[in-house]
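Student: Chains as they are written, first to last, in this note's numbering: chain G, 61 to 153; chain F, 7 to 175. Idealized CB from N, CA, C, for every residue including glycine. In this text the structure is predicted, and so the values were computed from the model without any measurement.
1) Does the contact criterion of 3 or more C-beta pairs under 8 Å hold for the segment 95–115 of chain F versus the segment 9–18 of chain F?
2) Please state if the CB of residue 21 of chain F and the CB of residue 30 of chain G are separated by a distance shorter than 8 Å.
3) Can you name the residues of chain G whose CB is closer than 7 Å to the CB of residue 74 of chain F?
4) Quick check on this structure: which residue in G:137, G:136 and G:132 has the alpha carbon closest to the alpha carbon of residue 164 of chain F?
5) Between which two residues does the alpha helix (DSSP H) containing residue 7 of chain F stretch?
6) Does the contact criterion of 3 or more C-beta pairs under 8 Å hold for the segment 49–69 of chain F versus the segment 101–117 of chain G?
7) Under 8 Å by Cβ, that's how I've got residue 82 of chain G and residue 33 of chain F pegged, so tell me the actual separation to the nearest angstrom.
8) Report buried or exposed for residue 118 of chain F, applying the criterion of at least 16 other Cβ atoms within 10 angstroms of its Cβ.
9) In angstroms with no decimal places, state the Cα-to-Cα distance between residue 145 of chain F and residue 43 of chain F.
10) Since residue 128 of chain G and residue 156 of chain F should fall inside the 8 Å C-beta cutoff, what is the C-beta to C-beta distance between them, to a whole number of angstroms?
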């Protein structure tokens, strides 16, 4: 549990302090991994397979998110030539 | 005892590589540390009797997602100057503060958990021996509809990624 929590915190801090959007995406993957570790640890503790099933779903969603997110990054880079999120202000009003 | 030592070694590896992922300047190195992190997590899954998940982790994360990241890094990040750390809008203290907040919250949860009686792991090893069978049975009976929804999600994500990455929209 503590390992999962620590990994989660590293991921959150990574999302907050880095300004490179690719590193931010990797931090999100770290957070999802922390969640998976937690699910599987509970699955082991309770000898119940449902936690592992949910971990599979989390992995599927993470894969989908990575594909779409990286597609967005590529499209954005093609238009703006930057991956620094401080310059990503198109949606700001 | 040996199991505990293995757990702590793996935990140290996972946390160390996670810190390196977040703190390394070079994005390519960051991705490579991410691979090592995922492999250590897969080893941890094997220790927690989730062999199927470990295989999936290596295939999907270390194989698929990381290659995707490397492609994007190579396409995007060539010849970039390192991040400017004196940007005026940087609010890293907000990030650090929020991290500390989450840390405090989790510390509270852990302290609360110390008070509650600990659940001892049951020594039923059926999940360890017939891991794939058990997980597959659950996946295709009780969780069939979420499974199909996940497949549709993956299909939509695939189409969406292709459309986003096309030259002209």
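Tutor: Reading off the structure:
1) Too few Cβ pairs lie closer than 8 Å, so no.
2) This structure cannot speak to residue 30 of chain G, because chain G is shown only from 61 to 153.
3) Looking up residue 74 of chain F in the second chain gives position 68. Per Cβ cutoff of 7 Å: 126, 127 and 130.
4) In the second chain, residue 164 of chain F corresponds to position 158, counting from 1. Measuring from the Cα of residue 164 of chain F, the nearest candidate turns out to be G:132.
5) Mapped onto the second chain, residue 7 of chain F falls at position 1. Here residue 7 of chain F belongs to no alpha helix (DSSP H), and DSSP marks it neither H nor E.
6) Yes: the two stretches touch, three or more of their Cβ pairs being nearer than 8 Å.
7) Counting from 1 along the first chain, the entry for residue 82 of chain G is found at position 22. Counting from 1 along the second chain, the entry for residue 33 of chain F is found at position 27. Residue 82 of chain G to residue 33 of chain F, Cβ: 6 Å. Contact.
8) Along the second chain, read from residue 1 onward, the residue named residue 118 of chain F stands at position 112. Exposed, because fewer than 16 other Cβ atoms sit within 10 Å of the Cβ of residue 118 of chain F.
9) Sequence index remark: in the second chain, residue 145 of chain F carries index 139 (1-based). Sequence index remark: in the second chain, residue 43 of chain F carries index 37 (1-based). Between the C-alpha atoms of residue 145 of chain F and residue 43 of chain F there is a straight-line separation of about 27 Å.
10) For this step, residue 128 of chain G is matched to residue 68 along the first chain. For this step, residue 156 of chain F is matched to residue 150 along the second chain. By a beta-carbon distance limit of 8 Å, residue 128 of chain G does not contact residue 156 of chain F. Their separation comes to about 15 Å.
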